[in-house]
Structure formats: structure tokens, C-alpha cells
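Only one structure is covered here, and it is reproduced in the block below.
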């Protein structure tokens, strides 16, 4: 039906209504006038009705045209268009309501576009399920991950993208519906090409009142994480194998090498004592070198045994007063008179294996004493409370360490000087590192050449 036909129908109805009203008013008035005045009054009323009807019809026609034009413009998608009627009658109210409706519709459209933009930009996959667990909508990340396009996934049963024999079964959606959500469940999706994709899956129920309207599911591809976990398991197994081999080696060393080593040491000592007058200076030097190396070899065997026992042989953990423990260590080391070893701060009492913590302090303090190159050596021991852990400090004013060796010194068998210059097995600091890390702490060094070194390590509070 055209606009003109619609207008004619409206105008006809308006005219009929106006004429009905006018007829009633005229009849009421006729009863009150004289017969001679009737023709004049009737003519005047008729002219007035025709004049008013013409003006009203023009105004109504214009308003209706504006309303019809507005519906066509807005219907074409232009929600910013406003119908401009200045009248306060029913048509004006209708136009105002129409403008309010388009304004609300525009806000809803903007909100929907904003939500769609967010969904499209989500890195992880997103799937919205209907009540019957069929896929209602998906984002681009889900399509890319599963290898389907949006049309292929829409309407598909959720069961189809799950691998059957996985920890996370589709039946667990029942518990999701009961609880209203699930968080970080691991499952395996099946791509269009049949590839298994491990995912971390979360879901939330959309409901209105007591009625479930759908389920929103988000998931992340954790293939790389699973590969890393598998690699970690492989490395741990290899580490266990190496540790077992080390333990076996330590056993062999302790039983099969000590006996001949004791023989060498005894023979060298006997020669040095009984035949000292038969050696020249070079001979005496070589026999002392042999004795020194035999002692160092024995210390190396002890060190290897100690290293292999860390974490393997456990002892009861007790509350240990570290003030007494460190004092005993200092007495055991018995530093020379030119080296002062001082406990700077009160040390805590901690729950630990006393022997292991004693090894840590003994190795750090003995190293500081062994490498001291100053006429007046100073070694300071202290600690501070860092909340969840204690940070311990062993500082000296010795020769210092170059920064390039900060990591290397904690590796097994590593020394900074030739072993004939300083009696060292290169195991002490590696034992320190292993013990501290066994307790969940860490150890590190700060140093400058000729300015001394400060070793730090942490233990749980």
C-alpha cells in the first residue's frame, strides 16, 4: 500500500470524526436559536468547520508523512535519525516514543558490537553452547584451533570435538550445570583433521532465574606446556639415573680406592721420614708433593661421598640454635690468630638437619679462611629476617672473585687456583648449593677483586 493511499484512509477517518462531532454540536445549538437566524448560523458553522478541517488535515498529513519517512530511514539501518515533531498531541507523543526506541536500540547495538569485538580479540577459544549442548557460537581462536570454519561448528554437538578417552569427559558438563561453573579442567579436543589438542578448560552457566539458557566455555591450547612437562619428566628420570650412578660411583670410590690410597700415603710418609737425608732438595720437594696429593685425594673421596649423601641420606629434623652451631664450626676450623671470625647478629633457631647446615657454614667459613690474603683477615657472619625465609651472610675481606666466576664456583670440582697452590677439592661450594636448594633456598655471591667476597644463602623461616 502506497503512502498516499495510507494518508487518504487516515484523512477520511479524521474527517468522519470531525463531522460527527460538529453535527452533534450543531444540533444542540439549533434548539436554542430562532428560526430566522438558522440559515445564517448554519452557513457560518459550515465555513468554520471547513476552515478548521482543512488546517487540521494539512497538519496531520505533514506529521504522518514525517512519521512514515522516519520509519523508512530507521528501517534502512540509520539509528541516528530523529523524527522531529513539535506538536504535543498524540502524534507528537508517538514520535517521541519512536525516537526513544531508536536511541535504546542504538545503545544495544553498540553494546553488542563492543562485546563481539572483545570475543573476537580473546586469545583463547570461546564456545557458547545451547541447552542441548550444541554449539551456538564460537570465536575466531576456536575456529583456528579446531580447524573448522564458524558455519561448520555452529550447530555441531559438543561431544564431537572431545576425544573419548580423556580425563575430562563431556559428562562432566553435568557437574558444571550443577555447580554453575568449572575452572581449569584439563581435557583433550579433537580437531577437524583428527589431531588431539590438550586444553585447559573453564565453563560457566548462563541462566535466567532457574532456567538454563546456555553454557559459555573458554579454553587454552596447552600443547606446548604438555611438551615441556614431558621434557621435565624425562630430565628428572635422567637426573635420577645420574644420581644413582653417582651413588654407585661413590660407593666404589669409598671401598675400592681408599685402601690403595692409604698404602700410598703410608709409603710416602715412611720414605719422607726414614730417607729424608738421602734426598736432595728436589727429591724432598717431590716427596712432599706426593704426600700432599695423597691427602688431597683422600679429601676428594670424602667430598664425593658427602656430595652423594646430600638429599639421599636423611636425618631427623630438629630445632637447632644456629648460634651454638656456628660457634662449634669456628672452634672446629680453628682459624689462625691473624684472622678474626665474628658473629655479627643474633642467629635464629630453625628446624633442620643439623649435620647439613653445619656443612654449609663449615664450607663457607673454611673457604674464607683458606683463601685469606690479608695480614689481618676479617670474616663476618650474620643474618636478617626476610619474612618467609632467613637470609644468611658470610663476608670476608679476602682477595675477592671476578664476576665471570660467580656461577662457575658452585659447580662441582671447580677451583680458582691450581690445586698444588691451594689444597682444594672443588666440591665444598657445590655441596653448599645442593644442601641449600634441597631446603628450597638459594645461594649466591657478590664480590670485587681485592675487596673481599660476601656469600648469601636463604633458608625457610
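Numbering (my numbering), first residue to last: 357 to 817.
Ideal Cβ placement from N, Cα and C applies to all residues, glycine included.
No experiment lies behind these values; they were computed from the predicted model shown.
message: Using 8 Å for Cβ pairs, my map puts residue 561 next to residue 571. What's the rounded Cβ distance?
response: 6 Å
query: Where does residue 600 land, buried or exposed, given buried means 16+ other C-beta within 10 angstroms?
result: Classification for residue 600: exposed.
- request: Specify the secondary structure class of residue 622 as computed by DSSP and reduced to three states.
  value: helix
field: Length of the line joining the Cα atoms of residue 585 and residue 501
entry: 21 Å
task: Using beta-carbon positions only, say whether residue 548 and residue 504 come within less than 8 Å of one another.
output: Cβ atoms of residue 548 and residue 504: closer than 8 Å.
task: Please report how far the alpha carbon of residue 486 lies from the alpha carbon of residue 518, in whole angstroms.
output: If I take the Cα positions, the gap works out to 17 Å.
task: Could you pull out every residue in the same chain whose Cβ sits closer than 6 Å to the Cβ of residue 712, ignoring the five residues on either side in sequence?
output: 791
Residue 356 vs residue 751 beta-carbon contact at 8 Å: No statement about residue 356 is possible, as the shown extent of the chain runs from 357 to 817 and does not include it.
- prompt: Grouping DSSP H, G and I as helix and E and B as strand, with all else coil, what is residue 727?
  reply: coil
message: Let me confirm a value: residue 740 is counted as buried when at least 16 other C-beta atoms fall within 10 Å, else exposed. Which label applies?
response: exposed
query: Would residue 700 count as contacting chain D if we go by Cβ distances under 8 Å?
result: Looking at the structure shown, chain D is missing, and only one protein chain is on hand.
message: With the cut-off set at 8 Å, would you say residue 801 and residue 788 are in Cβ contact?
response: In this structure, residue 801 keeps its C-beta atom at 8 Å or more from the C-beta atom of residue 788.
task: Return the chain-ordered list of same chain residues with a C-beta closer than 7 Å to the C-beta of residue 408, the five sequence neighbours on each side being excluded.
output: Unreliable placement is indicated for residue 408, whose pLDDT of 49 sits below 50; no coordinate value is reported for it.
- request: Taking only the alpha-carbon atoms, compute the straight-line gap between residue 410 and residue 492 and give it to the nearest angstrom.
  value: With a pLDDT of 48 at residue 410, under the threshold of 50, the predicted position of this residue should be treated as unreliable, and no value is reported.
- request: Can you tell me which of the three DSSP states residue 504 falls into?
  value: Here residue 504 sits in coil by DSSP.
- prompt: Do you know offhand how far residue 717's Cα is from residue 737's?
  reply: 9 Å
message: For residue 741, list the residues DSSP reports as bridge partners.
response: Bridge partners of residue 741: 746.
message: Rounded to whole angstroms, what is the Cα-Cα separation between residue 482 and residue 576?
response: 9 Å
Local conformation of residue 495 per DSSP, three classes: coil
field: Inter-residue spacing [alpha-carbon to alpha-carbon] between residue 612 and residue 666
entry: 21 Å
message: Please return the same chain residues whose Cβ sits closer than 8 Å to the Cβ of residue 768, not counting the five positions on each side in sequence.
response: 663, 782, 783, 786, listed in sequence order.
message: If you measure between the beta carbons of residue 676 and residue 705, is that distance less than 8 Å?
response: yes
- prompt: With 16 other CB atoms within 10 Å as the buried threshold, where does residue 559 fall?
  reply: So residue 559 ends up on the buried side.
- prompt: Taking the DSSP output, what are the residues bridged to residue 705?
  reply: Looking at the DSSP output, residue 705 bridges to 677.
message: Tell me the rounded alpha-carbon separation between residue 496 and residue 536.
response: 25 Å
message: Is the separation between the beta-carbon of residue 621 and that of residue 647 shorter than 8 Å?
response: yes
- prompt: Considering only the beta carbon of each residue, do residue 710 and residue 688 sit closer than 8 Å?
  reply: No.
task: Reducing DSSP to helix, strand and coil, say where residue 788 ends up.
output: helix
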